[in-house]
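Read the structure below first, then the notes.
Number of protein chains: 2
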Amino acid sequence: MRRPRGRPAQGTGVTRDAILTTALTLLDESESGGKGLSMRALANRLGVTPMSLYHHVEDYAGLLRALSDTVYADVLKDIEAGLACHEEVREILIRYHAAVRRHPQLTLAIFATPAAFAGVTREITDRLTGLLQTMTTEPLLWRDILIDHAHGSGLPVARDDDAPAAPPPDDHDYRRALDCLLSALGPRRQ
Amino acid sequence: MRRPRGRPAQGTGVTRDAILTTALTLLDESESGGKGLSMRALANRLGVTPMSLYHHVEDYAGLLRALSDTVYADVLKDIEAGLACHEEVREILIRYHAAVRRHPQLTLAIFATPAAFAGVTREITDRLTGLLQTMTTEPLLWRDILIDHAHGSGLPVARDDDAPAAPPPDDHDYRRALDCLLSALGPRRQ
DNA sequence: ACCTGAACACCGTTCAAGT
DNA sequence: ACCTGAACACCGTTCAAGT
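If you read the sequences in order, they're chains A and V.
Each residue of the first sequence is one higher than the last, beginning at 17 in my numbering.
Each residue of the second sequence is one higher than the last, beginning at 17 in my numbering.
Pasting the structure below:
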């Protein structure tokens, strides 16, 4: 009952930007499969009531959609003009993988919240599909293979025989695997 | 206050088997990214107090581990003897993908609960690694690619341009993609 | 327009108490 | 050994009430 009931005098409220920034921080701080972010914990961190968040985002799924739109915003942006299809696919996937790897808990949260899938991610898959159509007779097959691999390779699933919390492969390892896949997709006998 | 306080007279309690079976049912019924299963909902469905479950499973992560052990139990079982490496890898992955596809919500729940990863799944990855060592100079790379693809292809992520809840590709589609990958891994120029 | 408290229907898990 | 109710510290979201 510290704070008054109605609207505060000055701009003591939250911004949409502040919400998104703090939400991403909460997500990045946790290691619990996307469970680190909750509306209540987020409001708490912002020094605000949970309900005030609903004036800036639609709901929890909407919050995740907004987050993914900002995190993946640069994937398709300013791609060098006149690139060969092969190189453009490579560039997009390297950027996408880097974004997944930077915020793996966001990707896991989206996995757990089907309604959060939309926006930029759809544009990325569409762009990849278009490019792959000129490169292989099975564009949808390879688009799925490449995206699945970018996800799996960017997410912290314990899979190696070493430490249970082994970090995902770094960018260099991803590039190596990606080139492996792209050269398989490209010209090959049979 | 209907039921008496102490231990019931007869075997009105729950079995570990009943717990696992009902848990899998709850998971399969839901479409919410592995959120359909909770200790409380499970106890409710079994007509029992939430706390009674803790006498049969360690906790929520332990429940998921037990579930994955039963769901993936048959993946390595009774593999035909004298199979070529190539064929054995193919058989294991087809079975693994089928299990993921049968209970996608379990896989999503495990993704969201890192502590749930263990047991049979580790045996499967180890077996695959061993086989791939005789097939390629990059066994770990290809093991990850193949498992990531089995996951992605078995999970209901909205990714296609069609219906948002489009079903994952069926077994035939997976086999086609898998053969695509395996022939890329196999002998190829350069 | 924006924030509030109270409420509803949920969570996982601990703990002492029963038989 | 196994189940219980009560409790603690959480969830997302609705709703009427404030300014």
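A virtual CB, placed ideally from N, CA and C, is assigned to each residue, including glycine.
Quick caveat: nothing in here was measured; it's all calculated off a predicted structure.
> Residues of chain A with CB under 9 angstroms from P120 (chain V), in chain order?
Replying inline: Residues of chain A passing the Cβ test: none, with the nearest at roughly 11 angstroms.
> Can you give the Cα-Cα distance for Y70 (chain A) and S46 (chain A), rounded to whole angstroms?
Replying inline: 23 angstroms
>> Beta carbons nearer than 8 angstroms to chain A: which residues of the region 35-47 of chain V have them?
In response: E47
> Any residues in the region 92-109 of chain V with a beta carbon nearer than 9 angstroms to a beta carbon of chain A? Which ones, in chain order?
Replying inline: none
> Should S48 (chain V) go down as buried or exposed, given a rule of 16 or more other Cβ atoms within 10 Å for buried?
Replying inline: exposed
> Using a Cβ cut-off of 9 angstroms, which residues of the region 151-169 of chain A contact any Cβ in chain V, in chain order?
Replying inline: E154, L156, L157, W158, R159, D160, I161, I163, D164, H165, A166, H167, G168, S169
>> For A82 (chain A), tell me which candidate among A:H119, A:L42, A:V136 has the shortest Cα-Cα distance.
In response: A:V136
> Residues of chain A with a CB under 8 angstroms from the CB of L79 (chain V): which are they?
Replying inline: Under the 8 angstroms cutoff, chain A gives no residues; its nearest Cβ is about 15 angstroms from L79 (chain V).
> Using a Cβ-Cβ cut-off of 8 angstroms (strictly less than) and excluding sequence neighbours within five positions of V73 (chain V), which residues of its own chain qualify?
Replying inline: R32, I35, L79, A82
> At least one CB of chain A closer than 9 angstroms to the CB of V87 (chain V): is that the case?
Replying inline: no
> According to DSSP, is F127 (chain A) helix, strand or coil?
Replying inline: helix
>> Contact criterion: CB-CB distance below 9 angstroms. Does R32 (chain A) meet it with respect to chain V?
In response: no
>> Quick check on S68 (chain V): does DSSP put it in helix, strand or coil?
In response: helix
>> On the CB-based measure, 16 or more other CB atoms within 10 Å of its CB, does G98 (chain A) come out buried or exposed?
In response: exposed
> For A128 (chain V) and chain A, any beta-carbon pair shorter than 9 angstroms?
Replying inline: yes
>> Looking only at its chain, what residues have a beta carbon closer than 8 angstroms to the beta carbon of V30 (chain V), apart from the 5 residues adjacent to it on each side?
In response: L62, V64, S68, L69, H72
> What alpha helix (DSSP H) runs, 4 residues minimum, are completely inside the region 32-65 of chain A?
Replying inline: 32-45, 55-62
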